[in-house]
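2 protein chains.
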Amino acid sequence: MSFEPLHGLSTPELVAQRIREALLDGTLRPGDRLIEADIAAELGVSRGPVREGIRLLGAEGLVVLRRNRGAVITSPTFEDVLEVYILRLSLGLLALNHAMQLDVASAPEFADVELLLARLRDPEVQEDPLLMMEADLHFQSALFDLCGLSRITAVLDQTARDIPVFVKVLGITYDDVDHAALIERHQRLIEAVRTRHRADADHAWREHVRCTVGEFARGYPDAQVEGIFDLPLMHHVYDHHEYQG
Amino acid sequence: MSFEPLHGLSTPELVAQRIREALLDGTLRPGDRLIEADIAAELGVSRGPVREGIRLLGAEGLVVLRRNRGAVITSPTFEDVLEVYILRLSLGLLALNHAMQLDVASAPEFADVELLLARLRDPEVQEDPLLMMEADLHFQSALFDLCGLSRITAVLDQTARDIPVFVKVLGITYDDVDHAALIERHQRLIEAVRTRHRADADHAWREHVRCTVGEFARGYPDAQVEGIFDLPLMHHVYDHHEYQG
DNA sequence: CCCGTACAGATTGTCAACAATCTGCAATAG
DNA sequence: CTATTGCAGATTGTTGACAATCTGTACGGG
Chain A
1 MSFEPLHGLS TPELVAQRIR EALLDGTLRP GDRLIEADIA AELGVSRGPV REGIRLLGAE
61 GLVVLRRNRG AVITSPTFED VLEVYILRLS LGLLALNHAM QLDVASAPEF ADVELLLARL
121 RDPEVQEDPL LMMEADLHFQ SALFDLCGLS RITAVLDQTA RDIPVFVKVL GITYDDVDHA
181 ALIERHQRLI EAVRTRHRAD ADHAWREHVR CTVGEFARGY PDAQVEGIFD LPLMHHVYDH
241 HEYQG
Chain B
1 MSFEPLHGLS TPELVAQRIR EALLDGTLRP GDRLIEADIA AELGVSRGPV REGIRLLGAE
61 GLVVLRRNRG AVITSPTFED VLEVYILRLS LGLLALNHAM QLDVASAPEF ADVELLLARL
121 RDPEVQEDPL LMMEADLHFQ SALFDLCGLS RITAVLDQTA RDIPVFVKVL GITYDDVDHA
181 ALIERHQRLI EAVRTRHRAD ADHAWREHVR CTVGEFARGY PDAQVEGIFD LPLMHHVYDH
241 HEYQG
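Sequence order for the protein chains is A and B. Residue numbers for the first sequence, in my numbering: 1 to 245. Residue numbers for the second sequence, in my numbering: 1 to 245.
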């Protein structure tokens, strides 16, 4: 047996999903307005759920909401992508560290994480860059969930939903990514978490973010990455122990 | 002249605000259900705006939403408070660091931050612990806003809204806080940002969070703070430069 | 006596109509 | 000719009614 939960998504979530898809296939583009009535008519529902769905996207930062003036698709810049990755770098390290303070290797969820990593090896997934990116983010999300800090994982998940849209909308090319290297990094990451080797986990996650952003920057015309990751995240510059007591 | 913006809050925001206030004065308590129709009747509006307001609180983590089953006030634990402060510690450091990479001392907003700090010295504010806490968080919010990273400040602001409610609901006592010391720390923090002395800013913010949490832990019966801030945030344990290149 | 089912009340989800607000354009005054 | 004002259309905000779903209780079979 083992059934899927019956209704996966509520109507507003479905609406939000549809709009995200429209962004990914280019039907909707930055600057476009979202008219509640039009979307409602198109999807065959009333304005209520559509309104809620749009608010969901607003909270996510995918659309800008202005009172009495409706919703407009955001026009993200490469700096937005950088901000998202700064968030993911920092909160990812928090999540990993806290996960390793628990006995996470023996948790049943840990097996799921490994399953999701295996999916990245599927040639069919590797075929489609978007699919690959989504599978990658899905893996990362499951890994971070192990820490059990719901606010932190909520923020991480939010950024994860933004990434594919931003990449698409900004026209970032990421076709020539080295899948083998990516999987190798993730393998090291997961192994570090299992054995609770914090230095390795820290290293692997930093490296992954650095590589991903570097890859994006390569495919993107005018990227200004310096001063973001190289000029350190500040907490790292100065020795932590200086501040004890 | 110079008028205030005419309508400050939308109806849903007003509803959310009212519910927060009800939590702060004890009218609403953890585990209580929020019935849309009841609240609507009480506030003299229809269910629509009330529904939206409740969703706002849901996104904030103040209520738990379950499909078709309504909203229930969360029953936070002290660990929730710790998670919030871990987030604030980490993201605060990011925000400060990025603010100092800009020429922030000459920005007009910087003067506002100093004004908000001055408010903490007002004896009338110091009288009321809740007022003091809100003024403090307001100051911090303005300070972090200087970094110009909207996603990061959005998360910080969200946690700031949670804190007073969590403290009240958990029955945390914080009456005997040393106001002078708090202001002194903030003064050092603001000075460090102005002079772009990153080590000092880093130190001051860490210390503030550590003191605040320590204060809460003192007034709270069974607090388990160890292993959260002392077992480091991970990024700090290992030298950053080890990973360069 | 225990378990599963059927119902009734309560509550959320959805809808379509109405009111309030905004935007752009045209008319008007200076 | 430029700037302000007033309007019409478009769109969001709000409302009350209706539909779908959930919760708890009472009933009936085992």
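For every residue, glycine included, the Cβ atom is placed at its ideal position computed from N, Cα and C.
Can you tell me which of the options puts its alpha carbon nearest to the alpha carbon of residue i?
| i | options | result |
| --- | --- | --- |
| B:His179 | B:Gly148, B:Thr212 and B:Asp32 | B:Thr212 |
| B:Val15 | B:Asp25, B:Leu43 and B:Thr27 | B:Leu43 |
| B:Leu131 | B:Glu21, B:Ala199 and B:Arg185 | B:Glu21 |
| A:Asp103 | A:Glu207, A:Arg194, A:Tyr220 and A:Gly8 | A:Arg194 |
| B:Arg121 | B:Thr153, B:Ala192 and B:Glu184 | B:Glu184 |
| A:Gln158 | A:Ser141, A:Ile54, A:Ala199 and A:Ala201 | A:Ser141 |
| B:Pro49 | B:Asp200, B:Ile35, B:Pro12 and B:Val81 | B:Pro12 |
| A:Val169 | A:Glu207, A:Val81 and A:Arg33 | A:Val81 |
| A:Leu93 | A:Met133, A:Leu146, A:Ala105 and A:Glu127 | A:Leu146 |
| B:Val167 | B:Ala37, B:Glu79 and B:His98 | B:Glu79 |
| B:Val113 | B:Gln126, B:Ser90 and B:Phe139 | B:Phe139 |
| B:Arg29 | B:Gln187, B:Glu207 and B:Ile19 | B:Ile19 |
| B:Ile190 | B:Asp176, B:Tyr220 and B:Glu109 | B:Glu109 |
| A:Ser10 | A:Leu91, A:Arg47 and A:Glu52 | A:Glu52 |
By the 10 Å Cβ neighbour count, where 16 or more other Cβ atoms means buried, how is residue i classified, buried or exposed?
| i | result |
| --- | --- |
| A:Asp136 | buried |
| A:Pro76 | buried |
| B:Ala111 | exposed |
| A:Thr27 | exposed |
| B:Gly8 | exposed |
| B:Ala95 | buried |
| A:Asp128 | exposed |
| A:Arg69 | exposed |
| A:Ala160 | buried |
| B:Ala201 | buried |
| B:Ala199 | exposed |
| B:Ala181 | exposed |
| A:Ala192 | buried |
| B:Ala99 | buried |
| B:His186 | buried |
If we ignore side chains and look at the alpha-carbon of each, how far apart do residue i and residue j end up?
| i | j | result |
| --- | --- | --- |
| B:Gln101 | B:Leu149 | 12 Å |
| A:Trp205 | B:His197 | 28 Å |
| B:Ala71 | B:Ile163 | 20 Å |
| B:Ile172 | B:Gly31 | 18 Å |
| A:Arg67 | A:Thr74 | 16 Å |
| B:Val45 | B:Leu65 | 21 Å |
| A:Ala107 | A:Leu156 | 21 Å |
| A:Ala40 | B:Val63 | 28 Å |
| B:Val260 | A:Ala105 | Only positions 1 to 245 of chain B appear in the structure, and residue 260 of chain B is not among them; the question remains open. |
| A:Leu34 | B:Ile152 | 26 Å |
| A:Leu143 | A:Met133 | 15 Å |
| A:His208 | A:Val125 | 19 Å |
| A:Arg210 | A:His203 | 10 Å |
| A:Val177 | A:Pro123 | 14 Å |
| B:Arg188 | B:Leu91 | 19 Å |
| B:Arg55 | A:Ala37 | 21 Å |
| A:Tyr220 | A:Asp175 | 12 Å |
| B:Arg47 | A:Asp25 | 36 Å |
| A:Arg23 | A:Gln17 | According to the sequence as given, residue 23 of chain A is Leu; it is not Arg. In a straight line, the C-alpha of A:Leu23 is about 10 Å away from that of A:Gln17. |
| A:Ala154 | B:Leu89 | 17 Å |
| A:Asn97 | B:Asn97 | 22 Å |
Looking only at DSSP bridge pairs, what is residue i linked to?
| i | result |
| --- | --- |
| A:Val72 | A:Arg33 and A:Val64 |
Would you say the region 112 to 125 of chain B touches the region 47 to 63 of chain B, given that touching needs at least three Cβ pairs under 8 Å? no
Any contact between the region 196 to 216 of chain B and the region 73 to 85 of chain B? By contact I mean 3 or more CB pairs, one from each, below 8 Å. yes
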